[in-house]
Amino acid sequence: MEEGKKLIITVLGYDRVGIIATISAILAENQVNILDISQTILQGFFTMVMVVDMSNSKCEIGQLRELLVKAGRNLGLEVTVQHEDIFKFMHRI
Amino acid sequence: MPFHISKDEIMETVRMVQSENLDIRTITMGINIQDCRHRDGNATGKSIYDKIVKYAGNLVKTGDEIEKEYGIPIINKRISVTPVANVADGLNRDDMITIGKYMDEAAREVGVNFIGGFSALVHKGFTHGDKDLIAAIPYVLSNTERVCSSVNVATTKAGINMDAVYLMGNTIKQTAELTADNDGIGCAKLVVFCNAAEDNPFMAGAFHGIGEPESTINIGVSGPGVVLNAVRKYPEMDLGELANVIKKTAFKVTRTGELVGRVASKRLGVPFGIVDLSLAPTPAIGDSVADILQSMGLERVGAHGSTAALAMLNDAVKKGGAMASSYVGGLSGAFIPVSEDAGMIDAVLAGALNIDKLEAMTCVCSVGLDMIAIPGDTSSEIISAIIADEAAIGMINRKTTAVRLIPAPGKKVGDWVEFGGLLGRAPVMKVNQFSPAGFINRRGRIPAPIHSLNN
């Protein structure tokens, strides 16, 4: 089994200005490439799922998670960062 | 597109981890120590220590890295070793105690919270080493922090060694007395088995079986919270459909364990053994097997119907889990430990659940009478008789059963014992006081059961 370098980032919370900008700025600073973004707002509640590739990043997953979770907290958002294999394994055979 | 998982599926997984307590309960590294035997306890213990540190030196670090990278909590990293009675046969009781100390030190050195394998397999009779090891158990469990012990007293093929059952009643009492200052916590680290599993990753009963390879990685997953939420979503569903929902949920939970097992095995360079499909509760609210049974429609666990509900739950979990993993094994049954499950404790307090009902529930699913506090003045014969009953259930039904009882010194029915952490707290439960002494004192062996004429 090859371990990839793709991550799934989810962001949940009340909608406000600058959520995507804040998250993507951190990703850009750390050379993490965004492959896909999907975002919905339901009754003011913001949900975003991002697929990113960090194979060119010098940052560790743990550090990146800390940065994103901290930035999310400042905006009142809950951010999760998980390896894509978790999702692949759980939902596909 | 590089990725084909829907947003709903992603959010489902995130929810399982964030709010439903989905985690990897344990990565347990099994280590063969049969080559560590030397002339005395000190040299043997030192050799065991060196081997554990060499093999498991990176276990905790690797587990922590996987947790960080994959974003999935890994609660415990543990070690199991070959039953010490086999390795150290011919040494005496004091040597066994010395070996136990080295095991404890090795566990502390590599940073695991428990190490299993201070064990003996005596289902058909004792070797000298078995007797010396069992004699050492109370001292090792009271003088070490992390060593766990187990003794297999029965199998379906050999019957029940009633001499061992008698001896273990005494051993449990003695262990409780030596750890009286902590409510008899030593007994929380001692399991008496029938049909013990050689690849069980869960403590306190883990050991590295004789048929196992040099080293192996076994995984215990945990998902009562996830199953609970799935069941709660469908209050009107009939039981056949509900079984399907549980199967699908168990599949997802087990896949996580399969993934972590494969990654850990690769990084540590150790073969992947098995994923244990057991639903293992924790004292955390919502992470309870009792709550699942109650969400299936029982007012309280322990009510009539609990055995049927548990049978269905356990079977559905196995069916879903077996599909999710290349290798399943270990105990793979729902655990119903009283002290580690908030719903079980509530049911005991409400008067809904007693030892007799727990025993009945162990017939269909679970691994046994687990983490049950009983009055400190319970006689060793009664404890032996409880072990004999449980062993009989395992022997006849060809399944693993176990007893982990805590006769809490000085405590009476209704008092509490407090162990803290994953071991939790428990109310002292009532035990039938009519004496089984005449039966237990007969000793000998209960012959293996016949395997045809099954009714």
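As they're listed, the protein sequences go chains F and P.
Numbering of the first sequence is given in our numbering, commencing with residue 30 and proceeding in unit increments.
Numbering of the second sequence is given in our numbering, commencing with residue 669 and proceeding in unit increments.
Even glycine gets a Cβ: it sits at the ideal position worked out from N, Cα and C.
On a predicted model such as this, the values are computed, not experimentally measured, just so you know.
For Asp44/F, not one C-beta of chain P is nearer than 9 Å to its own C-beta. Exposed is the label assigned to Lys722/P, since fewer than 16 other Cβ atoms lie within 10 Å of its Cβ.
The shortest CA-to-CA distance from Arg1093/P to any of Asp1009/P, Glu909/P, Met830/P and Leu809/P is the one to Asp1009/P. Ser67/F is bridged by DSSP to Val78/F. With respect to Ser687/P, Cys704/P sits apart: the two C-beta atoms are not nearer than 9 Å. Within the segment 45-78 of chain F, those residues whose Cβ lies closer than 9 Å to any Cβ of chain P are, in chain order, Leu64, Asp65, Ser67, Thr69, Thr76 and Val78. Of all C-beta pairs linking the segment 858-871 of chain P to the segment 914-932 of chain P, fewer than three are shorter than 8 Å, placing the two stretches out of contact. Distance from the CA of Ile673/P to the CA of Glu89/F, rounded to the nearest whole angstrom, comes to 24 Å. Proximity of Gly101/F to chain P, defined by a Cβ-Cβ separation below 9 Å, is not satisfied.
With fewer than 16 neighbouring CB atoms inside 10 Å of its own CB, Pro881/P falls in the exposed class. Taken atom to atom, the span from the alpha-carbon of Ala898/P to that of Ala976/P is near 19 Å. Excluding sequence positions up to five before and after Tyr43/F, its CB lies within less than 7 Å of the CB of Gly73, Phe74, Phe75 and Gly105, all in the same chain and listed in chain order.
A direct Cα-to-Cα measurement between Met830/P and Gly1112/P gives close to 5 Å.
Under the three-state reduction of DSSP, Gln702/P is assigned to helix.
Judged by DSSP secondary structure, Asp772/P falls within the alpha helix (DSSP H) whose first and last residues are Arg761 to Val778. In terms of beta-carbon proximity, Lys675/P lines the interface with chain F, with at least one pair separated by less than 9 Å.
For Val110/F, the neighbours in chain P by C-beta distance under 9 Å run, in chain order, Gly739. Residue state for Arg707/P is assigned as coil, using DSSP reduced to three classes. Within chain F, Met119 have C-beta atoms less than 7 Å from the C-beta of Lys920/P, given in sequence order. CA-CA distance, Ser883/P to Ala774/P, rounds to 16 Å.
From the beta-carbon of Gly105/F, no residue of chain P is found nearer than 9 Å; the closest lies around 16 Å away. Of the residues Ala971/P, Asp955/P, Ala822/P and Leu966/P, the one whose Cα lies closest to the Cα of Ile1061/P is Ala822/P. The beta carbons of Cys855/P and Pro1075/P sit closer together than 9 Å. Non-local beta-carbon contacts of Glu926/P in its own chain, meaning distances under 8 Å to residues more than five positions away in sequence, involve Ile887, Val943, Ala992, Ser993 and Ser994 in chain order.
Contact annotation: the segment 108-120 of chain F does not touch the segment 54-64 of chain F, with fewer than three C-beta pairs closer than 8 Å. Short of 6 Å from the beta carbon of Asp1083/P, and not among the five residues preceding or following it, lie these beta carbons of its own chain, in chain order: Val1096. In terms of beta-carbon proximity, Ile743/P stays away from the interface with chain F, with every pair separated by 9 Å or more.
Along the segment 907-940 of chain P, going in chain order, the ones with a CB nearer than 8 Å to a CB of chain F are Lys920, Arg923, Thr924, Glu926, Leu927, Arg930, Val931 and Lys934. Uninterrupted beta strand (DSSP E) stretches at least 3 residues long and entirely within the segment 940-1003 of chain P occur at 940-944, given in chain order. Here Ala948/P is near Val889/P, since their CB atoms are less than 9 Å apart. Against chain F, a Cβ distance below 8 Å from Lys736/P picks out Glu89, Ile90, Gly91 and Arg94. Counting C-beta atoms within 10 angstroms of its own C-beta, Arg930/P has 16 or more neighbours from the protein chains shown and is therefore classed as buried. The straight-line gap separating the alpha-carbon atoms of His120/F and Lys675/P is approximately 11 Å. Counted as a single uninterrupted DSSP element, the alpha helix (DSSP H) harbouring Val98/F occupies residues Ile90 to Asn103. When the five nearest sequence neighbours on each side are left out, the beta carbons in the same chain lying within less than 8 Å of the beta carbon of Ile853/P are those of Thr847, Ile1074, Phe1087 and Leu1091, in order along the chain. Taking a beta-carbon distance threshold of 9 Å, Thr681/P counts as an interface residue toward chain F.
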